[in-house]
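Undergrad: Sending over a structure as structure tokens; questions will come in a sec.
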Amino acid sequence: MRGAETKGFLEVDRIEKNYGAMKAVDGVSFSLAKGEFLTLLGPSGCGKTTSLRAIAGFETISGGKISIDGQPVSDPANKVHLPPEHRQFGMVFQSYAVWPHMSVAENVAYGLHNLKLSRAERDQRIRRVLAKVGLEAQLDRPATMLSGGQQQRVALARAIVYEPKVLLFDEPLSNLDAKLREAMRLELRRLQAELGITSLYVTHDQEEAMVVSDRVIVMQGGHIQQIGSPSDIYDRPANRFVADFIGSSNLLEAKVLRRQGNAVFVETAVLPGAEIACATVGAVEPGSNVTLSFRPEHATLSVEPASRDQNVLSGHVSGRINMGSHLDYRVAIGRAEVRVSAPRSVEIPLSQNVVVVLDRDRSLALAS
Ligand SMILES: Nc1ncnc2c1ncn2[C@@H]1O[C@H](COP(=O)(O)OP(=O)(O)OP(=O)(O)O)[C@@H](O)[C@H]1O
Ligand SMILES: [Mg+2]
8 MRGAETKGFL EVDRIEKNYG AMKAVDGVSF SLAKGEFLTL LGPSGCGKTT
58 SLRAIAGFET ISGGKISIDG QPVSDPANKV HLPPEHRQFG MVFQSYAVWP
108 HMSVAENVAY GLHNLKLSRA ERDQRIRRVL AKVGLEAQLD RPATMLSGGQ
158 QQRVALARAI VYEPKVLLFD EPLSNLDAKL REAMRLELRR LQAELGITSL
208 YVTHDQEEAM VVSDRVIVMQ GGHIQQIGSP SDIYDRPANR FVADFIGSSN
258 LLEAKVLRRQ GNAVFVETAV LPGAEIACAT VGAVEPGSNV TLSFRPEHAT
308 LSVEPASRDQ NVLSGHVSGR INMGSHLDYR VAIGRAEVRV SAPRSVEIPL
358 SQNVVVVLDR DRSLALAS
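Quick note, the sequence shown lines up with residues 8 to 375 if you use this note's numbering.
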């Protein structure tokens with residue numbers, strides 16, 4: 008089903024939410040296709056929860072419009088605000104909100120309290136959904152006897168039993184320990200794909216966003232910085248903020264010397280005279296200031312003097328950390344320091360002069 012729908016099922020059009028003079032959400036637009044898993048990702052305070060709550064109907068928006076399946080649900084210009092209980096959205100929060108005095112089945116049954124179903128139909132739906140999340144055997148257990156991961160699955164079952172149009176998640180895994188969180192990411196993804204649930208997910212954890220999402224929206228200060236697939240955002244960050252926020256990137260101030268086809272030649276401020284070839288995501292003009300961005304794994308170290316056609320920055324080793332799976336080298340280049348990943352077998356002593364060889368297709372000139 009994924010990708011079949013071209014028109015957005017959920018349409019968010021230039022929404023704004025002001026708290027006094029504070030613009031918590033400032034012109035956010037996106038559309039979510041049926042069956043898609045879309046994630047709002049960004050640092051604390053960037054407006055993720057506010058956007059999600061506005062979509063759920065818990066917040067009135069100051070401007071813009073939200074529509075579901077072609078019907079406006081929030082449209083302040085036309086005095087439209089459908090209350091949350093009429094939007095048919097399911098929600099899963101960070102705090103599981105699982106009731107301790109109820110059994111697993113009773114907790115899930117709560118998700119159906121607004122629907123008029125026969126007892127048999129209700130029980131059947133509950134069993135079916137608990138089987139999906141792997142909790143059928145725990146049906147009659149008090150919810151307090153469940154682990155954190157199991158409680159989170161009850162919360163998920165309660166949200167999906169009602170067959171919502173869209174499932175909204177706000178940091179649902181952040182209370183779980185690291186190992187369980189990793190396992191639950193994969194499980195969430197599997198369930199979502201299996202059930203074809205249209206999902207809007209909020210997290211500040213970029214790794215989580217990469218694992219679960221079809222597409223990711225990177226937000227900062229109430230604005231969208233980039234929308235794309237996880238690999239788009241990782242490989243082709245739109246700007247310095249995204250390059251820095253997603254994974255690790257080396258960021259050096261630079262100036263564009265010239266363009267040649269798809270390649271851009273830049274000179275960094277820390278090493279004038281050294282010409283670096285790189286790619287670009289947006290339009291950058293000769294003479295303009297840019298940020299040269301490359302990831303530690305997209306460069307290699309060499310102790311041999313560079314040949315003329317190599318794409319290098321020269322410096323000396325200023326640090327080395329053993330990360331277990333690889334070595335994390337620090338190389339001083341003028342007054343800057345960059346990180347370069349190397350296999351454990353690469354042993355270069357501190358202070359040794361080296362060249363950092365940049366992959367010209369994976370180093371980017373980003374508009375600053
Ligand atoms: N009810 C409120 N009154 C005033 N300001 C608010 C209110 N709710 C949120 N804000 C502010 O709006 C901004 C966005 O908050 P929001 O909760 O959406 O951030 P977030 O991206 O979800 O962050 P986190 O990752 O910490 O959960 C923040 O600066 C926050 O302080
Ligand atoms: Mg939040």
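All C-beta atoms in this analysis are idealised placements derived from N, C-alpha and C, irrespective of residue type, glycine included.
Taking the Cβ atom as the reference point for each residue, do V219 and L180 lie within a distance shorter than 7 Å?
TA: Walking along the sequence shown from the start, residue 219 turns up at place 212. Walking along the sequence shown from the start, residue 180 turns up at place 173. Cβ atoms of V219 and L180: not closer than 7 Å.
Undergrad: Check whether the Cβ atoms of L17 and V173 sit closer than 7 Å, and answer yes or no.
TA: Taking the sequence shown and counting its residues from 1, the one referred to as residue 17 is at position 10. Taking the sequence shown and counting its residues from 1, the one referred to as residue 173 is at position 166. Their beta carbons are under 7 Å apart, which means L17 touches V173 by this criterion.
Undergrad: Give every residue of the same chain whose Cβ lies closer than 7 Å to the Cβ of P293, excluding the five residues on either side of it in the sequence, and list them in chain order.
TA: Working through the sequence shown from its first residue, we reach residue 293 at position 286. V263, L264, R265 and R266.
Undergrad: In chain order, what are the residue ranges of uninterrupted alpha helix (DSSP H) at least 4 long that sit wholly in the stretch 297 to 355?
TA: The stretch 297 to 355 contains no whole alpha helix (DSSP H) run of 4 or more residues.
Undergrad: CB of K172 to nearest heavy atom of ligand 2: below 6 Å?
TA: Residue 172 sits at position 165 when you count from the first residue of the sequence shown. No - ligand 2 has no heavy atom lying nearer than 6 Å to the Cβ of K172.
Undergrad: Where A112 and L163 are concerned, what is the direct C-alpha to C-alpha distance, given to the nearest angstrom?
TA: On the sequence shown, residue 112 is found 105 positions in, with the first residue counted as 1. On the sequence shown, residue 163 is found 156 positions in, with the first residue counted as 1. Their Cα atoms are separated by approximately 13 Å.
Undergrad: What's the call for V161, buried or exposed, on a 16-neighbour Cβ count within 10 Å?
TA: Along the sequence shown, read from residue 1 onward, the residue named residue 161 stands at position 154. V161 is buried by the Cβ-count criterion.
Undergrad: I'd like to check one pair, E23 with G52: are the Cβ atoms closer than 7 Å?
TA: Here residue 52 is taken as the residue at index 45 of the sequence shown, counted from 1. Here residue 23 is taken as the residue at index 16 of the sequence shown, counted from 1. Contact: no.
Undergrad: Just verifying my parser: in three-state terms, what is the DSSP assignment at A11?
TA: Indexing the sequence shown from 1 puts residue 11 at position 4. Only weak support exists for where A11 lies, its pLDDT of 43 falling under 50; the value from the coordinates is given anyway. Reduced to three states, the DSSP call for A11 is coil.
Undergrad: Roughly how many angstroms separate the alpha carbons of K30 and F96, rounded to a whole number?
TA: Your numbering for residue 30 matches position 23 in the sequence shown. Your numbering for residue 96 matches position 89 in the sequence shown. So the alpha carbons of these two residues sit roughly 25 Å apart.
Undergrad: Whole angstroms is fine: what's the gap from V385's alpha carbon to A261's?
TA: Since the first and last residues shown for the chain are 8 and 375, residue 385 lies out of range.
Undergrad: With H, G and I counted as helix, E and B as strand and the rest as coil, what does DSSP make of I75?
TA: Mapped onto the sequence shown, residue 75 falls at position 68. If DSSP states are grouped into helix, strand and coil, I75 belongs with the strands.
Undergrad: Beta-carbon separation of V324 and V363 under 7 Å?
TA: For the purposes of this step, residue 324 is taken as residue 317 along the sequence shown, with counting starting at 1. For the purposes of this step, residue 363 is taken as residue 356 along the sequence shown, with counting starting at 1. Not in contact: V324 and V363 (Cβ atoms no closer than 7 Å).
Undergrad: With respect to 6 Å, is the separation between the Cβ of K55 and the closest non-hydrogen atom of ligand 3 below this value?
TA: In the structure shown, ligand 3 is absent; the only ligands present are ligand 1 and ligand 2.
Undergrad: Between which two residues does the alpha helix (DSSP H) holding Y241 run?
TA: Within the sequence shown, the letter at position 234 stands for residue 241. From DSSP, the alpha helix (DSSP H) with Y241 extends over P237 to D242.
Undergrad: Quick check on P237: buried or exposed, where buried means 16 or more other Cβ atoms within 10 Å of its Cβ?
TA: By 1-based counting over the sequence shown, the position of residue 237 is 230. Buried, because 16 or more other Cβ atoms sit within 10 Å of the Cβ of P237.
Undergrad: Three or more C-beta pairs under 8 Å: does that hold for the stretch 278 to 291 against the stretch 311 to 324?
TA: At 8 Å Cβ cutoff, the stretches touch.
Undergrad: If S370 sits next to F301, beta carbons under 8 Å apart, how far is it from one beta carbon to the other, in whole angstroms?
TA: For this step, residue 370 is matched to residue 363 along the sequence shown. For this step, residue 301 is matched to residue 294 along the sequence shown. The pair is a contact, with the Cβ atoms about 4 Å apart (cut-off 8 Å).
Undergrad: Flag this pair as yes or no: are the beta carbons of R165 and N114 separated by less than 7 Å?
TA: As a position in the sequence shown, residue 165 is number 158, starting the count at 1. As a position in the sequence shown, residue 114 is number 107, starting the count at 1. Cβ distance < 7 Å, so R165 and N114 count as in contact.
Undergrad: Give me the Cβ distance between M98 and L175, rounded to the nearest whole Å; I'm assuming they're in contact under 8 Å.
TA: For the purposes of this step, residue 98 is taken as the residue at position 91 of the sequence shown. For the purposes of this step, residue 175 is taken as the residue at position 168 of the sequence shown. Contact flag correct, Cβ pair sits at about 5 Å.
Undergrad: Nearest to D82 by alpha carbon, out of R126, D33 and R21?
TA: For the purposes of this step, residue 82 is taken as the residue at position 75 of the sequence shown. Nearest C-alpha to D82: R21.
Undergrad: Out of P91, S36, S102 and E201, point me to the one whose CA is closest to F44's CA.
TA: If you number the sequence shown from 1, residue 44 lands on position 37. Considering only alpha carbons, the answer is E201.
Undergrad: What three-state label does DSSP hand D130 in the structure shown?
TA: To locate residue 130, count along the sequence shown from 1; it is residue 123. Note: D130 maps to helix in three-state DSSP.
Undergrad: Does the beta carbon of A31 fall short of 6 Å from some heavy atom of ligand 1?
TA: One-based indexing of the sequence shown puts residue 31 at position 24. Yes, since a heavy atom of ligand 1 falls inside the 6 Å radius drawn around the Cβ of A31.
Undergrad: Take the Cβ of R94 as the centre, count every other Cβ of all protein chains shown within 10 Å, and call the residue buried at 16 or more, exposed below.
TA: For the purposes of this step, residue 94 is taken as the residue at position 87 of the sequence shown. Buried, since its Cβ has 16 or more Cβ neighbours within 10 Å.
Undergrad: Along the chain, which unbroken stretches of the beta strand (DSSP E) at least 3 residues long are found entirely within the stretch 151 to 222?
TA: Here the runs fully enclosed are 173 to 177 and 206 to 210.
Undergrad: Please classify D221 as buried or exposed, where buried requires at least 16 neighbouring CB atoms within 10 angstroms.
TA: As a position in the sequence shown, residue 221 is number 214, starting the count at 1. That one is buried.
Undergrad: Which of the three DSSP states is assigned to H230 in this structure?
TA: Translated into the one-based positions of the sequence shown, residue 230 becomes position 223. DSSP places H230 in strand when its eight states are reduced to three.
Undergrad: Using a beta-carbon distance below 7 Å, is S181 in contact with chain B?
TA: Among the chains of the structure shown, chain B does not appear; only one protein chain is present.
Undergrad: Does ligand 1 have a heavy atom nearer than 6 Å to the CB of S51?
TA: Position 44 of the sequence shown, counted from the first residue, corresponds to residue 51. Checking every heavy atom of ligand 1 against the Cβ of S51, one is found closer than 6 Å.
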